[in-house]
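Peer 1: Residues 11 to 288 (our numbering) are what the sequence shown spells out, left to right.
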Amino acid sequence: MSHMRNHYEGTALDSRYDVGAGDSGSPFRVRPLVWSDGDQQYVHERNVGTQQAGWNFVAQLRSWLPGPIGGILWFGVDDASFSVHAPFHGGNTRVPRSYADGVGDALHYSQDSAFWAFNTVANFLYPRWFAAEEVMASARKAEETFVQQLRAEELAAAALYKTNPAKAIELLTARDASRADQVVKDEFALFGQLMVTHRDGFHISSLGPHAPNHGGAQGGVVPKVEEVGYSTKWYDRIVKDTGDRYKMSTSPTSLLDAAKLRTLSKGTWVDSTHEVIV
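Below is the structure:
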């Protein structure tokens, strides 16, 4: 399932290092993928893990188990980059509410919807790709946990299937539905944590158990606030694009400062002698 999160990293198609990647080095590109500059046409490669996905799955077939147990769809919604693939057995008789039709749609946001859970997280990460790996690692860990859970669940279901197939199928259906609904709750909780940690251009975390706490309605714990800034490469690009526009000077009356003030005042600046400079 990790292959579903591929963005051609480390290959000739890796798109994290050109200007389209933005300051966070994101492989995300907005549509249209085919675009023009003058009379020339260009194309952005479509990644395996892409925002242009409604749902994705990996099918697992195991012939040594009864059909309703041996077939699994590891099913994810939205961008496979960040999907937690929840297992659904082939014999399941119902869909969990969070994955069902009618729970939110393309025009109506719902915190009960699996699609909106993963779409929310994905859209938070596209311009903040520096946080993407921790989310993909979290998804992989969840899927590994599901693999461990299925071993015991399927062992019990296979034994029960010999005498009561319907009950065995219901056992797996209920377990899969409960797990999937929890995936959605966990994903919205993850978004909340991402929002707390990566906001306003800062990385915000705890100062530890002895952090100051002002208490009261207007107070609260004092967090650790770190400036994120841009990469050296991105700062170089800003200077290349803007020249001396943001350059600091130690002289308040330098020509450089005069040029900046003239720009800010749309071409007119009055100097200390009250002479108008255009």
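Ideal placement from N, C-alpha and C gives every residue a C-beta, glycine not left out.
I'd like to check one pair, Val105 with Ser84: are the Cβ atoms closer than 8 Å?
Peer 2: The amino acid occupying residue 84 in the given sequence is Trp; Ser does not appear at that position. No, Cβ-Cβ distance for Trp84 and Val105 is not below 8 Å.
Peer 1: Tell me whether Lys234 sits in a helix, a strand or coil according to DSSP, three-state version.
Peer 2: strand
Peer 1: Ala166 and Phe92: beta carbons closer than 8 Å?
Peer 2: no
Peer 1: List in chain order: all unbroken alpha helix (DSSP H) runs of 4+ residues lying wholly within the segment 106-170.
Peer 2: 124-135
Peer 1: With 16 as the cutoff for other CB atoms within 10 Å, does Trp45 come out buried or exposed?
Peer 2: exposed
Peer 1: Residue ranges of each alpha helix (DSSP H) run of no fewer than 4 residues wholly in the segment 47-100, ordered along the chain?
Peer 2: 77-80
Peer 1: In terms of residues, what are the limits of the beta strand (DSSP E) holding Ser215?
Peer 2: 212-215
Peer 1: Could you check what DSSP says for Val40 in three-state terms: helix, strand or coil?
Peer 2: coil
Peer 1: I believe Gly35 touches Trp139 by the beta-carbon criterion, under 8 Å. Please report the beta-carbon distance rounded to the nearest angstrom.
Peer 2: 5 Å
Peer 1: For the putative contact between Asn16 and Asn57, defined by C-beta atoms under 8 Å, what is the C-beta separation to the nearest angstrom?
Peer 2: 7 Å
Peer 1: For Gly202, I'd like the list of residues in its chain whose CB is within less than 7 Å of its CB, leaving aside the five on either flank, ordered along the chain.
Peer 2: Nothing listed; no residue qualifies.
Peer 1: Between the C-alpha atoms of Thr183 and Leu135, what's the straight-line distance to the nearest angstrom?
Peer 2: Roughly 32 Å separates the two Cα atoms.
Peer 1: Buried or exposed, going by whether 16 or more other CB atoms sit within 10 Å of the CB of Pro42?
Peer 2: exposed
Peer 1: Do you know how far the Cα of Ala152 is from the Cα of Gln158?
Peer 2: 10 Å
Peer 1: For Gln70, tell me which candidate among Ile79, Thr130, Ala63, Tyr18 has the shortest Cα-Cα distance.
Peer 2: Gln70 has its Cα closest to that of Ile79, out of Ile79, Thr130, Ala63, Tyr18.
Peer 1: What is the residue span of the alpha helix (DSSP H) that Ser188 lies within?
Peer 2: 175-207
Peer 1: Assign Trp74 to buried or exposed, taking buried as 16 or more other Cβ atoms, counted over all protein chains shown, within 10 Å of its Cβ.
Peer 2: exposed
Peer 1: In whole angstroms, what separates the C-alpha of Gly101 from that of Ala132?
Peer 2: Computed Cα separation, rounded: 31 Å.
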